[in-house]
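Numbering (full-length UniProt numbering), first residue to last: 1 to 151. Where is the CB? At the ideal position from N, CA and C, for every residue including glycine. Just so we're clear, the structure is a prediction, and the values are computed from it rather than from any experiment. Report on one structure; see the data block that follows.
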């Protein structure tokens with residue numbers, strides 16, 4: 001059997017970022033369905049690994065210059081379409097809609113096979129190490145926007 005290269009951080013695609021995760025017992029509630037708050041964990045992993053695949057190291061950004069740079073979730077809209085169950089294999093898709101000024105807008109989906117489970121729009125505020133708004137450097141904005149097509 002030929003092995004394919006594999007990254008635990010997912011992969012960049014023409015549409016943005018793709019991460020595959022399995023649903024474990026700890027992700028479910030008494031009904032055997034994924035507990036609604038656990039979807040936030042899957043979405044966060046997708047966003048974090050998206051940054052990692054883009055070559056953006058969050059640990060380094062906070063002390064990269066005299067101001068520091070930090071990303072924080074400012075607003076999130078989530079539509080729950082269908083539930084996931086234990087042992088399902090989920091695909092978390094992340095796409096940059098906007099990057100510039102002091103915010104980014106990321107669109108995310110969670111799918112199980114062809115079934116759409118979650119649609120989320122995440123507004124990310126860009127702040128400095130003291131918690132004040134700051135502009136996203138143009139070089140970072142370009143990284144987020146390059147090659148990202150709508151989901």
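Q) Just to confirm, are residue 46 and residue 94 a CB contact at a threshold of 7 Å? A) Cβ distance < 7 Å, so residue 46 and residue 94 count as in contact.
**Q.** Straight-line Cα distance separating residue 89 from residue 119
**A.** 17 Å
Q: Evaluate residue 39 with the Cβ neighbour count: other Cβ atoms within 10 Å of its Cβ, from every protein chain shown; 16 or more gives buried, anything less gives exposed.
A: buried
Q: Report the option in 141, 73, 109 whose CA atom is closest to the CA atom of residue 82.
A: 109
Q: Compare the Cα-Cα distances from residue 64 to each of 145, 146, 137, 141 and report the closest residue.
A: 137
**Q.** Span of the beta strand (DSSP E), counted from its first residue to its last, around residue 46
**A.** No beta strand (DSSP E) contains residue 46, which is instead part of the alpha helix (DSSP H) from 38–53.
Q.
I want to know whether the stretch 117–132 touches the stretch 72–87 - three or more CB-CB distances under 8 Å.
A. yes
Q | Distance between residue 135 and residue 19 (C-alpha atoms, nearest Å) | A | 28 Å
Q: Work out the CA separation of residue 10 and residue 121 for me, nearest whole Å.
A: 20 Å
Q: Using only alpha-carbon positions, find the residue among 113, 51, 37 that is nearest to residue 80.
A: 37
(Q) In this structure, how does DSSP classify residue 167 when only helix, strand and coil are distinguished? (A) Nothing can be reported for residue 167, as the shown portion of the chain is limited to 1 through 151.
Q: Would you decide whether residue 1 is buried or exposed? Buried here means 16 or more other CB atoms lie within 10 Å of its CB.
A: Here residue 1 scores only 49 on pLDDT, less than 50, and its place in the model should not be relied on; the value that follows carries that caveat. Residue 1 is exposed by the Cβ-count criterion.
Q. Based on Cα-Cα distance, which residue from 144, 84, 105, 106 lies nearest to residue 116?
A. 84
Q | Start and end residues, beta strand (DSSP E) containing residue 85 | A | That residue, residue 85, is in no beta strand (DSSP E); it is neither H nor E in DSSP.
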